[in-house]
Amino acid sequence: MKIFIHVMDLVGPQNACIGLGQQLVQRGHQVIFLVNENFLKKFQPYSNQFKILGLKPVADEEPDENEKNLQPIQILINSFIRMGLFDPIKPIEKIHRMIDSKFIRNLGANAEAFEPQIRMLIEQEKPDIFLVDAKIMSPCIMNSSIPWVYVFCANPLGLFTDERLPPFSSDLPIDGDRKEWQEYRQILHQKYFDKVVARQREICEKFGYPPPKDQVFFPRSPLLNIYQFPKELDYDDTIKLPEHYQRVDAFVRDDPEPFELPDKIRKQMKPGDKLIFLSMGSMGSCNLELMKRFVRVLSKTPYYYLVSMGPLYDQYELSDNMWGGPYVPQTKILPLVDLVIFHGGNNTLTETVYFGKPMIVIPLFYDQYNNAQRVQEKNFGRRLDQHQFTDEQLIDTIDKLINDNELCERLKRIGQRIRTSQAKDLACERIEQLAKSSKQN
């Protein structure tokens, strides 16, 4: 079977879809990734497993006059600052800023640019089925006679949009004030959801396709919607999902890069010493003030750290009890550590649960707030506010979690359940059945 996977321009969803793609390859299928050509380098290590086809995006916007002489990474950081990613503002205000950002503008512009390219590749490759993770869908995929599956890699509240649940991208609790939920949800629709839906309609009309029916936010498939979230954290204790929704606890890619504990750490550690993984994601690690603060505070603890330093790795130094690099093979590191401190990205969350580790979640924006709140509610770790936690609070939280034997054992059991689960295979079987039944019809 020949499978197209079209994935958006974000590292977390790309990693998740790589994990799902690897499972499909193991089952004997040919997987072809359609990705923005700017991300081809990221997919190169997997070129022996997948066929990878680049899609040409729109030309980059001209930088502002005051940014013309800046390095690309600094321009990127400036865009994060304008989005309020590092500011002490409410989650809904970050959404408001995000919708007007270059990243969101490019989602629509790239969807338009990709459309004729995708149509051409469909004609050339003749896939049996599409898997898509996108905010704005390709109209030719949605309206094709070939079946398509929606793959959702963020917190599932964005997929469910059920009024019995807290709103997507909020930090509101499951037992919170329903009036507050409704007020947040109304603003969320006005400032974000409705604009995404309107952009989807524009693109469908431009290419001569009917607009999707009853779209609330993300374009759900009428056939099958697969989402990534651990069963123990899921919201099906509150709602019942339709049959064409399928949960997978974690997609978890097999990273081809080998990893051994660096000598700097290995030679210092004694039996019984604890190891911690710190990752604030590709965006969060650009907050130099926050990363330097982590180094300063964590250097005072008796623990050792592996750090995903991000693109600004050469602009700060780690302490003696730390090792890190701009990119680290996360799925090789997680089995080695005793605790994870991270930003709440959905892919890192699911991988952390997959390996059975307690966690401290420090959310920055978007669905990270939902994930942090859910981790706190289900006692998988603790949530801290990036602007309000004190040095003492961070250290005390680490001490309590890493020495909570009951919690650590419970999470180990959950990780063991997920690692032996057949959920990924079940999702693959449903994909196969869809493609097979489509051919028969």
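For the sequence shown, full-length UniProt numbering gives the first residue as 1, with consecutive numbering after it.
Glycine included, C-beta positions come from ideal geometry on N, C-alpha and C.
Notebook entry, point to check: Which residues bound the beta strand (DSSP E) around Q186?
Noted result: Unbroken run through Q186 is the alpha helix (DSSP H), 178-188; no beta strand (DSSP E).
Margin query: I'd like the ranges of any beta strand (DSSP E) spanning at least 3 consecutive residues and lying wholly in the region 239-326.
Written below: 245-248, 275-279, 304-308, 322-325
Note to self: Using the three-state DSSP reduction, which class does G21 fall into: helix, strand or coil?
What the structure shows: helix
Next item on the list: Using the DSSP secondary-structure output, state which residues sit across from L131 in a beta bridge.
Entry: I5, V149
Checklist line | Residues bridged to K51 [DSSP beta-bridge criterion] | finding: I32
Notebook entry, point to check: Do C153 and A16 have their CB atoms nearer than 9 Å?
Noted result: For C153 and A16, yes; Cβs fall inside 9 Å.
Notebook entry, point to check: What does DSSP give as the partner residues of R419 in its beta bridges?
Noted result: BP columns for R419 are empty, so no partner.
Notebook entry, point to check: Looking at C-alpha atoms only, which residue of S145, W181, F50 is the closest neighbour of T161?
Noted result: Cα-wise, what sits closest to T161 is W181.
Next item on the list: Report the residue from V58, L318, V151 whose alpha carbon sits nearest the alpha carbon of K264.
Entry: L318
Notebook entry, point to check: For I118 and chain C, any beta-carbon pair shorter than 9 Å?
Noted result: Protein chain content of the structure displayed is limited to a single chain, and chain C is not contained in it.
Item checked: Contacting residues, own chain, Cβ-Cβ under 6 Å from V340 (five flanking each side not counted) -> F277, T352, K357, M359
Item checked: Sub-9 Å separation of L288 and L312 beta-carbons -> Yes, they are a contact pair.
Next item on the list: Grab the span of the alpha helix (DSSP H) containing N43 for me, first residue to last.
Entry: Just to set this straight, residue 43 is Phe in the shown sequence, not Asn. Taken as a continuous stretch (DSSP letters only), the alpha helix (DSSP H) holding F43 covers 40-43.
Check: What did DSSP end up calling G158 once you bin it into helix, strand or coil?
Finding: In the structure shown, G158 falls within a helical segment according to DSSP collapsed to helix, strand and coil.
Note to self: So residue 495 and F114 are supposed to be a Cβ contact under 8 Å. How far apart are they, rounded?
What the structure shows: With the chain running from 1 to 441 in the structure shown, residue 495 is simply not present.
Next item on the list: Tell me whether V340 sits in a helix, a strand or coil according to DSSP, three-state version.
Entry: In the three-state reduction of the DSSP assignment, V340 falls in the strand class.
Note to self: Quick check on the DSSP output: the alpha helix (DSSP H) that includes Y227 runs from which residue to which?
What the structure shows: Where Y227 is concerned, there is no enclosing alpha helix (DSSP H), although the beta strand (DSSP E) it sits in stretches over 225-228.
Check: What are the boundary residues of the alpha helix (DSSP H) that V196 is part of?
Finding: 194-206
Notebook entry, point to check: Helix, strand or coil: how does DSSP classify I398 here?
Noted result: In the three-state scheme derived from DSSP, where H, G and I count as helix and E and B as strand, I398 is classed as helix.
Item checked: Proximity winner among K439, E112, I431, relative to F130 (alpha-carbon distances) -> I431
Note to self: To the nearest angstrom, how far is the alpha carbon of P326 from that of K274?
What the structure shows: 23 Å
Notebook entry, point to check: beta strand (DSSP E) containing V353: first to last residue?
Noted result: First-last for V353: 346-354, but that is the alpha helix (DSSP H), not the beta strand (DSSP E).
Note to self: Run through the DSSP bridge pairs and tell me what I360 is partnered with.
What the structure shows: DSSP, once it has assigned bridges, lists I341, R382 as partnering I360.
Next item on the list: List the whole-angstrom C-beta distance separating I32 from I77, where the pair is believed to meet the contact cut-off of C-beta under 8 Å.
Entry: Not a contact, Cβ separation roughly 34 Å.
Check: S299: buried (16+ other C-beta within 10 angstroms of its C-beta) or exposed?
Finding: With fewer than 16 other Cβ atoms within 10 Å, it is exposed.
Check: Terminal residues of the continuous alpha helix (DSSP H) containing V375?
Finding: 368-377
Next item on the list: Determine the burial state of M120: buried for a count of at least 16 other Cβ atoms within 10 Å of its Cβ, exposed for fewer.
Entry: exposed
Notebook entry, point to check: Which whole-angstrom value is the C-beta distance of Q373 and P173, which I expect to be below 8 Å?
Noted result: 6 Å
Check: Relative to the alpha-carbon of K231, which residue among M1, R417, L434 has its alpha-carbon at the smallest distance?
Finding: If we check each option's Cα against that of K231, R417 comes out closest.
Note to self: Does M83 come out as helix, strand or coil in the three-state DSSP assignment?
What the structure shows: coil
Notebook entry, point to check: Whose C-beta lies closer than 7 Å to the C-beta of I239 among residues of the same chain, with five residues either side of it excluded?
Noted result: The answer, listed in chain order, is F160, D162, R164, L165.
Notebook entry, point to check: Which of helix, strand or coil does DSSP assign to I174?
Noted result: I174 falls in the coil class under three-state DSSP.
Check: Run through DSSP, which three-state label would V11 get?
Finding: Correct three-state label for V11: helix.
Check: Can you give the Cα-Cα distance for E406 and N379, rounded to whole angstroms?
Finding: Straight through space, the alpha carbons of N379 and E406 are spaced by roughly 11 Å.
Notebook entry, point to check: Between L364 and F217, what straight-line distance do the alpha-carbon atoms span, to the nearest angstrom?
Noted result: If you draw a straight line from the Cα of L364 to the Cα of F217, it comes to about 22 Å.
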